[in-house]
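Right, here's the structure in full:
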């Protein structure tokens, strides 16, 4: 059951203080992975987050968190340096999980609302897309990955559909997928496997920020063949499957985890 | 480790005497699933197959095999009836694995070889495609599936590519996928999850039957980012992942298991 | 405007007496193609159909129709033989258009309705899928295609989605697409181009046969970015584009013609 | 033949001085569209380009070119202002064609070469991706599009494949496609249709900049079912088809124009 215990392996989770990232941290800790969470939260939320982190620690694993702006290169360097100091000799990163939701949701054309601009694309693609490469490459260059490491990030059906207000996030998601494919190709012989999970509509804080999220939730419940939304735990479960030894031949793929939502 | 032990669950594997099917039987038996294999082999091969089956039985699980023509409705009915007699009260089928390779490989146009005809399509689609539905539906109607069952079949990149001589198999594979999607949709509320594994080029007896298989093997080794072919064990590993509890939200999907071969 | 006039080229349209096929016949006749329609209609509908055909003939083109069961090999042979007798020396087929809707719509599981069976798959795949190959190959073997011929058939979003009752048609559509890809590959050097048009939901007699078609129509009108259904003329327009000289480098493709319906 | 003559419609072509853009300008001018080309070339190339532009003008259409850095917002504003002054009362833009190739090709990991960095992604995505939105939106806000306008850009198989050194361009291409889908959705009721052409490997100056382009060319010639590369004229032909009235129901799509190259 606790198959990763005593293997000196870590999961580094970007955006691990809520939603898919937090659920992933919990699941992986249960299976014995040490957890490092990089997140960005205001002081007001710190107490609730600390409780979650304490819960994770009860699995008897190593735990470390960084509350900072993970998108700044110098912050990233600081975090990685500090993280390295924590590691014992044989410690390595088994999985980098990218669960970053920080996008600008605006209409391309509107009489009433602010319209989508170049910057909205650029910032969203940086935060939700290219940041995967930045973190992956920095950790790789620091020689921190295990010999059979797994890079996992989260995409959505917005990779092939068009939704009102969602253009910048859609572009970020497909960028994330393109980066994942090239990591899978170019680092295959370094033992890296990289995949995206295409999660169904999940009732998270990020979803609630989308204008009209109530309607999205309502429609998804009806549309999903299993007649419920995706939960963060559904997705965390598959992250766990993807880091198991048996998943080592899956790479460069986009795996729907949505109870069949993409079928309808 | 042996998580399916004592859960009174079976894997029914169509085409389980070689290739992906046999590797799957071995993997699932290791994890405690009881195994029922339906296969079709001439007497000449029986000895070698028996040795494989003995090996599987050493896992201390229930084992049953049927050597017959699984495509005939009356044979199917016989097998299912006989299988039912084996089952103890609470025994159920956890997974139906469809690993049937019986297709006609012919060119559409040729001066020298026999050309592809209507019958080649019809027979290949029946054997490699619709047979999934026939078996699934008969087992479902006999109330043999567990409350959380997994239907798994094998497809290939031929689902979106066109290869010389491969038209009938290609049509069978996409039919298999279409059936998988509709099973996922229509039986979701019956607890059924259905997925296809898109295996990379695997060096099996079936592959060796394809004219020009040497060149396919050679090209795939070069093309694969991991510089080797897919093995039956690579695929069996993912069948195992897909029947675990954690995979219950994956349904209606096509999952590449190919070391990234589809990327190039 | 009448670019195909005096080029001695024919369009042979399977299923040309209604819906997409009839609209295609009208459009292509306007541009000077001679028209041969193969259809299957009861005597009751003949009068209305004759009016449509008279309308087509007013374009001053050659016209021929066959009312018969196009799926029987011997009927196909008869039609082709009779058609050949019509042709002048230099006459060739520019385009074969496959617009056949003859599928069995049944649920996979139901307490009240007849459930989908093997035969439903087999018959639907034959009628809506493999028949493309049968006709194409017979016409090719009879040396009837022009040096730059276009094979066009109609698919739907059911090629990647799962809809209740639609499994057999879905399987037929993906079979049609697989056949199209292999024709594109294997006959490329014979000058053949083959493509599928993925039409949006179109209000035709075929659609009205689907249980729940009212709801489909209603939902499609809302969902379509252009807020209306696809018309047969929308699709016929693109058939016309695909037979123009400028489309000669498009082959093996699936082209959505749906006003963006697939985006949402 | 010259169907756009006297319709007071323009094609605005970004990157129209070479490759796909120039071929498009020539094709559309032949059919009577007025041409505005925005390009960026050093003085050394100006003479050759001028000859090409003179050739285009011989079609008796309006012609204007701007040699400037089209990616700078202030330059874009200048160009648009100057272009507006050219227009007669009823002149409108029928099509915006985005043919911009300005990407950074680097390996993600290398001992010898400079490795891909954040900036390479950011700049390439800006130049080859987001610039489509910037230009489209500026022209839309300036009310310059006709009531039935067509936005066309060029993508490649790199939208789903991973190629060595190509990660940044791949990300830019999928961004372009995501933007195209959202334009198709959000501007449908403004009469805008937006599509991408997925061109096969084309022997252009841009291709020659890719390390190993000889091998790409060699492999593509073999792999293509039609045994030749794609030409700029092949692609220009389909741009022409996509701006015709008959294409008005095609939107939000990616259309392969590659002689079937994507099939193999």
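Protein chains in written order, with this note's numbering: chain V, 206 to 469; chain W, 206 to 469; chain L, 206 to 469; chain Y, 206 to 469.
Note that the Cβ used here is the ideal one computed from N, Cα and C, for glycine as well.
Just so we're clear, the structure is a prediction, and the values are computed from it rather than from any experiment.
Label residue i either buried or exposed according to how many other C-beta atoms from any shown protein chain fall within 10 Å of its C-beta, with 16 as the threshold for buried.
i, result
"residue 315(V)", "exposed"
"residue 466(Y)", "buried"
"residue 423(V)", "exposed"
"residue 260(L)", "exposed"
"residue 277(Y)", "exposed"
"residue 352(V)", "exposed"
"residue 224(W)", "buried"
"residue 324(W)", "exposed"
"residue 219(V)", "buried"
"residue 255(W)", "exposed"
"residue 450(W)", "exposed"
"residue 253(V)", "exposed"
On the premise that residue j lies in contact with residue i, defined as a C-beta separation below 8 angstroms, what is that separation, rounded to the nearest angstrom?
i, j, result
"residue 474(V)", "residue 403(V)", "The shown model of chain V, from 206 to 469, leaves out residue 474(V), and the question about it has no answer."
"residue 300(W)", "residue 354(W)", "7 angstroms"
"residue 469(V)", "residue 366(L)", "6 angstroms"
"residue 234(V)", "residue 221(V)", "Going by Cβ atoms, the distance from residue 234(V) to residue 221(V) rounds to 11 angstroms, so no, they are not a contact pair."
"residue 236(W)", "residue 272(W)", "That pair is no contact at about 25 angstroms."
"residue 446(Y)", "residue 452(L)", "6 angstroms"
"residue 228(W)", "residue 438(W)", "5 angstroms"
"residue 430(W)", "residue 389(V)", "6 angstroms"
"residue 337(V)", "residue 298(V)", "Incorrect: roughly 14 angstroms between the Cβ atoms, too far for contact."
Which chain Y residues are close to residue i, counting only those with a beta carbon under 8 angstroms from its beta carbon?
i, result
"residue 464(L)", "393, 454, 456"
"residue 460(L)", "455, 458, 460"
"residue 375(V)", "383, 386, 387"
Could you spell out where the alpha helix (DSSP H) holding residue i opens and where it closes?
i, result
"residue 346(L)", "336–346"
"residue 278(V)", "278–291"
"residue 300(W)", "No alpha helix (DSSP H) holds residue 300(W); the beta strand (DSSP E) holding it covers 297–303."
"residue 352(Y)", "That residue, residue 352(Y), is in no alpha helix (DSSP H); its beta strand (DSSP E) goes 350–360."
"residue 323(L)", "323–330"
"residue 443(L)", "437–448"
"residue 261(V)", "248–262"
"residue 235(W)", "224–235"
"residue 413(L)", "410–414"
Which residue marks the beginning of the beta strand (DSSP E) containing residue i, and which one marks its end?
i, result
"residue 392(L)", "Neither: residue 392(L) is in no beta strand (DSSP E) and is coded neither H nor E."
"residue 466(Y)", "Neither: residue 466(Y) is in no beta strand (DSSP E) and is coded neither H nor E."
"residue 514(W)", "Here chain W covers residues 206 to 469 and nothing more, so residue 514(W) does not appear."
"residue 404(W)", "397–404"
"residue 218(W)", "214–219"
"residue 272(W)", "268–272"
"residue 243(L)", "239–244"
Show which residues of chain Y have a CB atom less than 9 angstroms away from the CB atom of residue i.
i, result
"residue 367(W)", "430, 465, 468, 469"
"residue 327(V)", "327, 330, 331, 335"
Can you list the residues of chain Y that residue i reaches, using a CB-CB cut of under 7 angstroms?
i, result
"residue 439(L)", "454"
Residues of chain V with CB under 7 angstroms from residue i, in chain order?
i, result
"residue 301(W)", "Result: empty, since nearest Cβ-Cβ is about 17 angstroms, beyond 7 angstroms."
"residue 314(Y)", "391, 392"
Taking Cβ-Cβ distances shorter than 7 angstroms, what residues in chain L pair up with residue i?
i, result
"residue 446(Y)", "446, 449, 451, 452"
Name the chain L residues whose beta carbon is nearer than 8 angstroms to that of residue i?
i, result
"residue 443(Y)", "451, 452, 454, 455"
Would you mind telling me which residues of chain W sit closer than 7 angstroms to residue i, beta carbon to beta carbon, in chain order?
i, result
"residue 435(V)", "454"
Please compile the residues from chain V whose C-beta is within a distance smaller than 9 angstroms of the C-beta of residue i.
i, result
"residue 372(Y)", "338, 383, 384, 386, 387, 388, 390, 391"
Could you list the residues in the region 378–389 of chain W with a C-beta less than 9 angstroms from some C-beta on chain V, going in chain order? Residues 386, 387, 389.
Listed in chain order, which residues of the region 332–347 of chain W have Cβ atoms closer than 8 angstroms to some Cβ of chain L? Residues 334, 335, 338, 339, 342, 345.
What residues from the region 348–360 of chain W come within 8 angstroms of chain V, judged by C-beta to C-beta, listed N to C? Those would be none; no residue qualifies.
Output needed in chain order: residues of the region 267–290 of chain W with a Cβ under 7 angstroms from some Cβ in chain L. So nothing in the stretch comes that close.
If contact means a Cβ-Cβ distance below 8 angstroms, which residues of the region 396–407 of chain W contact chain L? Under the 8 angstroms Cβ criterion, the region 396–407 of chain W contributes no residue.
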